[in-house]
Structures are given as structure tokens and as C-alpha cells.
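Residue numbers (my numbering): 111 to 460.
Virtual Cβ for every residue (Gly too), placed ideally from N, Cα, C.
Keep in mind the model is a prediction, meaning the values are calculated, not measured.
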Ligand code: SF4
Ligand code: SF4
């Protein structure tokens with residue numbers, strides 16, 4: 111790792127240097143009912159659109175490397191047989207400018223399944239390999255419990271990581287490509303006072319976390335509480351809308367649909383991301399549904415995140431970003447669900 115200092119006045123220059131590639135970053139998309147800005151990841155056409163001091167985004171940047179809908183292959187049928195064409199939908203290189211540590215850690219988790227497993231997904235790999243990642247230190251929100259999940263800082267998986275020291279950024283450089291980009295702008299070696307300020311900023315950030323999840327032996331607790339009636343309590347509230355999965359940076363479950371042209375001369379196979387909370391998620395041919403009740407589906411989501419994935423990879427498939435809790439119309443919040451399962455007590459007044 112190499113450390114550099116960039117004055118804030120130099121940041122536009124850095125963005126301009128990066129702009130030979132498509133830049134995706136946090137941009138403001140209007141304001142909420144409370145008057146606060148709403149942010150989303152989107153193309154950054156102008157330096158002034160890049161909001162590096164954003165709080166969080168309602169949706170992750172997932173659609174750029176794991177789109178909700180994707181064509182897997184096309185078939186053409188003609189007199190002499192048929193041909194299949196596969197397009198991995200490789201994007202031109204994208205610079206992701208301003209990912210928080212939780213979203214960088216979400217990519218690590220997706221990589222474990224979609225890139226580094228026995229059966230990697232070429233459609234994901236094609237886009238993942240074309241990513242240049244610039245992280246930025248976050249501002250913890252009341253619903254963030256990433257500190258409990260060990261994902262509040264990113265140790266690897268980025269090209270550079272910026273920490274706001276006031277009038278300058280402390281930069282952790284982790285790739286030769288990033289080092290070479292930085293040669294185009296004015297940077298300096300951090301001084302002792304910069305390192306000290308960096309430590310202060312990180313300590314200040316850590317003090318701002320308020321939401322917590324007790325993850326001690328969580329996979330074993332889930333094993334023991336599989337039959338808990340607390341699952342039914344939460345499941346009865348669930349609307350089975352699937353929103354939690356669509357805003358989750360680590361949910362990757364999907365369905366595949368094949369359709370044939372009406373003239374039987376062509377066919378297409380498409381993939382779409384799906385949610386295990388949707389009513390037909392576990393329905394099989396013949397119409398049998400292995401999880402017809404909402405509480406069994408809700409439970410499955412928690413078991414995949416905190417037990418099944420943990421058994422395989424020794425870590426949870428949740429980065430504690432809190433997006434699902436914020437988006438849920440039924441106000442089902444991960445910290446409350448896990449606390450109630452651990453205690454066996456349903457929350458009062460809900
Ligand atoms: S967002 Fe809430 S209501 Fe909708 S499926 Fe998820 S837990 Fe259920
Ligand atoms: S389960 Fe919820 S808190 Fe965990 S990573 Fe997904 S959206 Fe974030």
C-alpha cells in the first residue's frame with residue numbers, strides 16, 4: 111500500500127483524468143419529503159455532480175455488474191439447423207468513484223460466489239474485471255450496522271480509497287493503475303500530522319455508529335432457533351414484495367426464462383434477479399411450493415445470509431448497509447429481527 115495526499119482543489123483534475131472512462135458515482139436525485147438530499151449511483155458527466163459527501167444511496171451500484179435483467183443467449187433456427195449466440199455483455203471499463211466500504215465489501219462477497227467458486231458466472235466476471243474502484247470514507251447513518259458485520263472498513267478490493275481530512279484527502283493506493291493515474295496530478299507524501307488526522311477522522315467515524323447486531327455465534331443460534339415462533343411474527347408482517355432483495359448489495363438469486371418466437375425461428379434465454387421473499391420463489395414444476403408461507407420465505411432469507419453463506423465462507427452475506435431495513439414498508443429491520451431471534455422475545459408495541 112502507498113499513501114498519498116491530494117489537496118481538494120486537485121480533485122477535479124483527478125476526475126478529469128479518470129473521465130477517459132465512464133465514471134459512475136453518487137449523484138443527487140432530488141430531495142426526500144424531509145427535505146434531505148436523495149442520492150443514487152449514476153453516470154457522472156460533470157465534476158460538480160459527484161457528491162462524495164453523500165450519506166448513502168437507496169440502491170447499491172449492483173445494476174452495473176449484476177443487472178436486474180440480462181440476456182444470456184439467443185437462438186436462431188433455420189433450414190440447416192440452429193445456432194446459438196452468447197453475449198457476455200462486457201462493458202467498457204467503468205470507474206466507480208466514491209463507493210463506501212460496505213459496498214466494496216459487498217463486492218468481495220459476490221466475488222466469492224460468482225467469480226471464485228467452482229462455477230464462476232462469466233456474465234458477472236466480464237463486467238467485474240472492468241471495474242476501477244475509488245472508495246471514500248462514509249458518514250455512518252442511524253441504520254448502518256456494518257461495524258457489527260466487520261465491513262465498516264475496506265482492507266482490499268479497491269484501487270484507491272479516500273478519507274476526507276478537511277481541505278485534503280488521505281489516499282490509500284492499492285494498484286499500479288491507480289498509482290499511474292495519480293502521476294497526472296499533484297500529490298504529496300503524507301506528513302506525520304496527516305497520519306494523525308487520519309486516525310482522528312476514523313475514530314470520529316467509529317463513534318457515530320449507533321445500530322448494532324450481536325453476531326456472536328449467530329449461525330449456531332439460527333440453527334437452534336429454526337422452529338422459533340418469532341419467525342412467524344415477522345413473516346406475518348412481511349408483504350412478500352421483494353424490495354429488500356432488490357436494494358441489497360449482496361442478493362444475487364435469480365430466475366431464468368426462455369421464450370420462443372411465434373414463428374419458431376428464434377428463441378431467447380433471459381436471466382432476472384429474483385427475491386426469495388416472492389411467493390413463487392420455491393415453486394417447482396407441477397405447482398408445488400416448498401415455501402408457501404411468508405414466514406418460511408423470510409426465514410430462508412435470513413438463513414441464507416447469516417447461516418448458509420457463513421457455513422461455506424465463514425462470513426455473513428450481509429454487510430450491514432441497512433438498505434433493506436430502510437426500504438421495507440412493513441418496517442422489518444435486520445437488527446430487530448436478529449435481536450428477537452436471539453432473545454426469543456417478540457418486540458413490544460409493533
Ligand atoms: S421489503 Fe419487507 S415486506 Fe418486502 S419482502 Fe422484504 S421483508 Fe417483506
Ligand atoms: S441484508 Fe440488508 S443490511 Fe444486509 S447487506 Fe443486504 S440490504 Fe444491506
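The criterion of a C-beta distance shorter than 9 Å is satisfied by residue 187 and residue 375.
For residue 314, the enclosing alpha helix (DSSP H) stretches over residues 302-317. Taken from the Cβ of residue 212, every heavy atom of ligand 1 lies 8 Å or farther away. Between ligand 2 and residue 227, a heavy atom-to-CB distance of less than 8 Å is absent. With 5 Å as the limit, the residues whose C-beta approaches any heavy atom of ligand 1 more closely are 348, 349, 351, 353, 354, 387, 438, 440, 442, in sequence along the chain. Between the alpha carbons of residue 313 and residue 247 lies a gap of roughly 12 Å. Runs of the alpha helix (DSSP H) lying entirely within the segment 386-456 and spanning at least 4 residues, in chain order: 404-413, 419-423, 433-437, 444-453. By the Cβ rule, the segment 205-220 counts as touching the segment 248-268, because three or more pairs are nearer than 8 Å. Under the DSSP definition of a beta bridge, residue 192 partners with 187. Comparing alpha carbon positions, the residue from 175, 330, 275, 339 closest to residue 232 is 175. DSSP places residue 118 within a helical segment (H, G or I) once states are collapsed to three. Taking non-hydrogen atoms of ligand 2 into account, the C-beta of residue 248 is found less than 8 Å away from none of them. Nearest in C-alpha terms to residue 198, of all of 204, 189, 238, 345, is 238. Secondary structure note for residue 273: its beta strand (DSSP E) is the uninterrupted segment 270-274.
Just so you know, the alpha carbons of residue 134 and residue 234 end up roughly 17 Å apart. Buried is the label assigned to residue 278, since at least 16 other Cβ atoms lie within 10 Å of its Cβ. In the three-state reduction of the DSSP assignment, residue 132 falls in the strand class.
With a cutoff of 8 Å, residue 360 counts as near ligand 2, since its C-beta is closer than that to a heavy atom of the ligand. Under the three-state reduction of DSSP, residue 218 is assigned to helix. Residue 258: member of the alpha helix (DSSP H) spanning 256-259, first to last residue. Inclusion of residue 183 and residue 378 in the CB contact set at 9 Å is warranted, their separation being smaller than that value.
In this structure, the straight-line span from the alpha carbon of residue 206 to that of residue 394 is close to 39 Å. Under a 10 Å Cβ-count criterion, residue 360 is classified as buried, with 16 or more other Cβ atoms of the shown protein chains found around its own Cβ.
Residue 327 and residue 426 have their C-alpha atoms some 11 Å from each other.
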